[in-house]
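By numbering that gives the first Met the number 0, the letter at position 162 of the sequence shown is numbered 161, and the numbering carries on one by one without gaps.
Glycine is no exception: its CB is placed at the ideal position from the N, C-alpha and C atoms.
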Amino acid sequence: MAQVSARIANLAISETLAMSQKSNELKAQGINVINLSVGEPDFFTPDHIKEAAKKAIDDNFSFYSPVPGYMSLRQAISRKLETENGLSFKPEQIICSGGAKQAVCNAVLSVVDPGDQVIIPAPCWVSYIEMVKLAEGESYVIHTNIEQDFKITPEELEAAINPKTKAIILCAPSNPTGSVYSREELKALADVLAKYPNIIIISDEIYEHINYVGKHESIAQFENVKERVVIVNGVSKAYAMTGWRLGWMAAPQWVVAACNKLQGQYTSGASSISQKAAEAAYNGDQRCVEEMRQAFMRRRDLIVKLASDIEGFKVNKPEGAFYLFPECSYYFGKSYDGRTINSSADLAMFLLEVGHVACVGGLAFEAPNYIRFSYATSDENIVEAMRRVKESLAKLK
Ligand code: PMP
Ligand code: GLU
């Protein structure tokens, strides 16, 4: 019988997108669901970026772009890395893709061979492990908890490294925890990795601009590892452009060449219009980024305050991104109306169906005792969502 490949059959569905889809289905039935599942800014794309896209259409940017992207965009990204991050990457070391998601996947597929190990500190974004599976690699997950602010130590990193280690995927500010490594913490990790010259460091910096503790720090700043760092970033989060699908990587030339070859056979260059919009985002006024950051920070304070007041939740104060990731195992084994909560996925489903709040269970992020709320939504929604969560959890006995 005709059937789907094992490669795809073994792939998990993206839980963040699946929960959001469920929330939309309930909304379509007329149920007033507050969606704190998918992580995307609720703001509209700033006007000057939209204008650039309209102009690109009128100017007939309707042909295939070069596979790695227009040189003008790669130059703009190169300048951004220099001025904002103090990093020197030539435009030739930059390749644009259909979102940061594709950039991470390109990187994994370009460096991981079957049987290679990829170290992934967890909690981690839902797609990393599945991307490693696509490359037929093995994930080596380092588990962390809320007490250590979800950050790995140099000792934990060193203990995870073995002859099969090919890469590590770091993500800071982190999805789903919001944790941010300080410069000193990152340097300590770099010092460990410096001893292992075969390991590629994929540094997912998509939440760079949603940072509440100061300047963004990239592991690429350290000379002892710089030659092996693949920075992944894009316009989705900083400029409220999730639907435009434009991300990029800055990497050693040989990695960019590999991704160029892969992308050339697979998707070609990213959308021409989105590239011109991204160029305007990087070259234009950056005040919009700061305004959104301020709004996210205010919302972070609000949700931390409200969630801290919920019985059984252990909450920390995330330093970046727009997620809250409370420990919720207090509710495991409790029941309401004939249903028993045995996992954070059960809890997420309970909150959706009983409380009409969509969120994501922690298992999808390799953290089964936690639950993720995205607070990239209005203050009113946050207040009402936390009221509903508190009220529905109180029913569990
Ligand atoms: N990395 C992380 C950690 C993310 O949370 C996301 C959000 N989707 C991405 C990558 C992908 O971003 P993009 O929308 O640009 O593909
Ligand atoms: N990164 C966002 C999230 O984690 C968007 C959904 C996705 O691509 O996973 O919710």
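- Counting other Cβ atoms within 10 Å of its Cβ, Asp57 stays below 16 and is therefore classed as exposed.
- Going by beta carbons, Gln274 and Leu245 fall inside the 8 Å limit.
- Within the DSSP secondary-structure output, Gln116 pairs in a beta bridge with Glu137 and Thr164.
- In the DSSP annotation of this structure, the continuous segment of the alpha helix (DSSP H) that includes Ala99 starts and ends at Ala99 to Val110.
- Per the coordinates, the alpha-carbon of Phe60 lies some 9 Å from the alpha-carbon of Lys54.
- About 31 Å separates the beta carbons of Leu35 and Thr266, which is beyond the 8 Å limit, so they are not a contact pair.
- Under the criterion of beta carbons closer than 8 Å, Leu72 and Glu207 do not qualify as touching, at roughly 17 Å.
- DSSP assignment within the stretch 29-77 yields the following whole alpha helix (DSSP H) runs of 4 residues or more, N-terminal first: 46-57.
- According to the DSSP assignment, Arg386 belongs to the alpha helix (DSSP H) that extends over Asp378 to Leu392.
- Residue state for Met240 is assigned as coil, using DSSP reduced to three classes.
- A distance criterion of 7 Å places the beta-carbon of Ser235 in contact range of the ligand PMP, judged by its closest non-hydrogen atom.
- Shortest gap from the CB of Val32 to any heavy atom of the ligand GLU: 7 Å or more.
- Scanning Lys214, Ile145, Glu365 and Val382 for the CA closest to the CA of Ile119 turns up Glu365.
- For Thr152, the closest of Ile167, Leu188, Lys163 and Tyr139 by C-alpha to C-alpha distance is Leu188.
- When the alpha-carbon of Asp41 is set against those of Gly337, Pro367 and Met240, the nearest one is in Met240.
- DSSP places Arg371 in the uninterrupted beta strand (DSSP E) bounded by Ile370 to Ser373.
- Taking C-alpha positions only, Lys313 is separated from Lys304 by approximately 12 Å.
- Counting the other Cβ atoms within 10 Å of the Cβ of Lys236 gives 16 or more, which makes it buried.
- The continuous alpha helix (DSSP H) containing Met296 extends over residues Arg286 to Ser307.
- Asn105 has its Cβ no nearer than 7 Å to any heavy atom of the ligand PMP.
- The C-beta distance from Trp247 to Pro175 rounds to 23 Å, too long to meet the 8 Å contact threshold.
- Following the DSSP letters along the chain, one finds Ser273 in no beta strand (DSSP E) but inside the alpha helix (DSSP H) bounded by residues Ser271 to Asn282.
- Within the same chain, Cβ atoms closer than 6 Å to the Cβ of Glu129 are found at Leu10 and Ala11, the five residues on either side in sequence being excluded.
- In this structure, DSSP gives Ile151 a state outside helix and strand, which the three-state scheme calls coil.
- For Val179, no beta strand (DSSP E) encloses it, and the DSSP letter there is neither H nor E.
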